[in-house]
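Q: Just dropping this structure here.
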Amino acid sequence: MSIKLVTDSAADFDRIELEKYSIECVPLMVSFGSENYIDGINLNKDKFYHLLQSRDEFPKTSQPAPAAFQTIFEEAKENGDTVIAILLSSALSGTYQSALIAKDMVGYESIYLFDTRSATGGEKIYVAIASQMIEKGYMAEGIVRTLESMRERGRLYAALDTLEYLCKGGRLSRTAAGIGTLARLKPIITLTADGEVTVSEKCIGRKSSLEHLVKYIEKTGVDTSIPISFVYSHDKSACEKVMANLAGKGYDLSNSIISNIGPTIGAHIGVGAVGIIYFVPEK
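Printed below as a string of structure tokens:
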């Protein structure tokens with residue numbers, strides 16, 4: 145009997161990381177017009193960004209079917225293992241709902257579903273902490289309680305080049321996007337406490353938007369016992385500028401997590417996004 149970690153492709157793990165943490169990853173689907181792909185199976189990050197910049201169609205994503213989770217859950221049931229599934233925000237995708245349906249189909253109580261109310265590097269932080277706790281011998285209930293206690297302190301901010309992808313994908317209304325589509329205004333998005341996308345502010349120019357990411361951490365403070373996650377969509381140099389800015393202000397980034405955003409999330413934010421995911425100190 146052991147604890148098995150499950151996540152989805154929105155967490156942006158690469159194969160080496162999946163093996164390191166012994167994670168089962170359930171992929172979401174990405175389509176360009178009539179062409180359908182499985183994130184991480186027949187569509188890697190390089191191919192995705194090539195398609196994104198060369199195709200006229202906007203990509204679309206779809207959640208995995210319950211059967212994708214059912215197979216994993218049934219195997220765990222047969223082996224007497226416990227499952228902790230750490231998943232993309234239920235406000236952004238039906239992935240959590242698919243896992244919930246699969247759990248009901250399998251009829252096994254030792255399956256714990258955790259709605260991160262986050263995405264990409266946010267999911268990755270939760271998985272890393274759960275993995276560490278498993279290694280230390282914690283029970284599943286204690287691990288999930290720890291993740292739940294962290295969740296309200298989680299923050300995600302991302303500087304985007306455009307809101308067009310979020311609007312096209314239905315994750316943000318044109319009204320909410322406001323004037324952010326004007327060329328010089330660079331939006332910063334965040335996730336609400338419920339895990340929904342909203343525009344935090346709009347900055348004049350790319351440089352200003354990247355500087356604002358640092359200002360969020362300076363304003364709220366950061367729990368240094370939890371890694372800061374830095375994410376970027378295809379443009380690592382911009383991410384490195386943000387990290388250098390923080391390091392220059394004395395922040396210890398030695399335990400940071402850096403991820404190139406994959407197809408599942410990249411389909412909704414486009415090229416050139418830079419994000420930070422961190423946790424504010426406990427009150």
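So the sequence shown is numbered by our numbering: it starts at 145 and just counts up by one.
We treat Cβ as the ideally placed atom computed from N, Cα and C, and that holds for glycine.
Here the structure is a predicted model, which means the values were calculated and not measured.
Return the chain-ordered ranges of every beta strand (DSSP E) run that is complete within the stretch 204–233 and spans a minimum of 3 residues.
A: 204–206 and 226–231
Q: Please name the residue or residues paired with residue 403 in a DSSP beta bridge.
A: 375
Q: Quick test of your reading: residue 228 and residue 288, contact by CB under 8 Å. State the CB separation rounded to the nearest angstrom.
A: Contact flag correct, Cβ pair sits at about 6 Å.
Q: Counting pairs of Cβ atoms below 8 Å between the stretch 362–377 and the stretch 328–340, do you hit three or more?
A: no
Q: Would you grab the beta carbon distance between residue 210 and residue 245 for me? Rounded to a whole angstrom, and I think it's under 8 Å.
A: 4 Å
Q: Could you tell me if residue 222 is buried or exposed, where buried requires 16 or more neighbouring beta carbons within 10 angstroms of its beta carbon?
A: exposed
Q: Residue 410 by DSSP, collapsed to three states: which one?
A: Of the three classes helix, strand and coil, the one that applies to residue 410 here is helix, per DSSP.
Q: In the DSSP assignment, what are the bridge partners of residue 148?
A: 227
Q: In chain order, what residues of the same chain lie with their CB nearer than 8 Å to the CB of residue 386, ignoring the 5 residues before and after it?
A: 354, 357, 358, 374, 418 and 420
Q: Can you tell me where the alpha helix (DSSP H) with residue 249 in it begins and where it stops?
A: 239–250
Q: Can the beta-carbon of residue 216 be found closer than 8 Å to that of residue 150?
A: yes
Q: Is residue 370 helix, strand or coil by DSSP?
A: coil
Q: Restricting to Cα atoms, I'd like to know which of 161, 283, 260 and 207 is closest to residue 175.
A: The residue with the shortest Cα to Cα distance from residue 175 is 207.
Q: Quick check: the stretch 229–248 against the stretch 333–349, are at least 3 beta-carbon pairs closer than 8 Å?
A: The stretch 333–349 vs the stretch 229–248: in contact.
Q: Using alpha carbons as the reference points, say which of 343, 306 and 186 lies closest to residue 350.
A: 306
Q: Taking DSSP as the reference, what is the three-state secondary structure of residue 173?
A: DSSP places residue 173 in strand when its eight states are reduced to three.
Q: Residues in the same chain with beta-carbon distance under 6 Å from residue 390, minus the five sequence neighbours each way, listed in chain order, please.
A: Closer than 6 Å at the Cβ level, and outside the excluded window around residue 390, lie 358.
Q: For residue 189, I'd like the list of residues in its chain whose CB is within less than 6 Å of its CB, leaving aside the five on either flank, ordered along the chain.
A: 404 and 406
Q: Name the two residues that bound the continuous beta strand (DSSP E) containing residue 268.
A: Run containing residue 268: none in the beta strand (DSSP E); it sits in the alpha helix (DSSP H), 265–279.
Q: Going by beta-carbon coordinates alone, are residue 367 and residue 426 separated by less than 8 Å?
A: By the CB criterion at 8 Å, residue 367 and residue 426 fall inside the cutoff.
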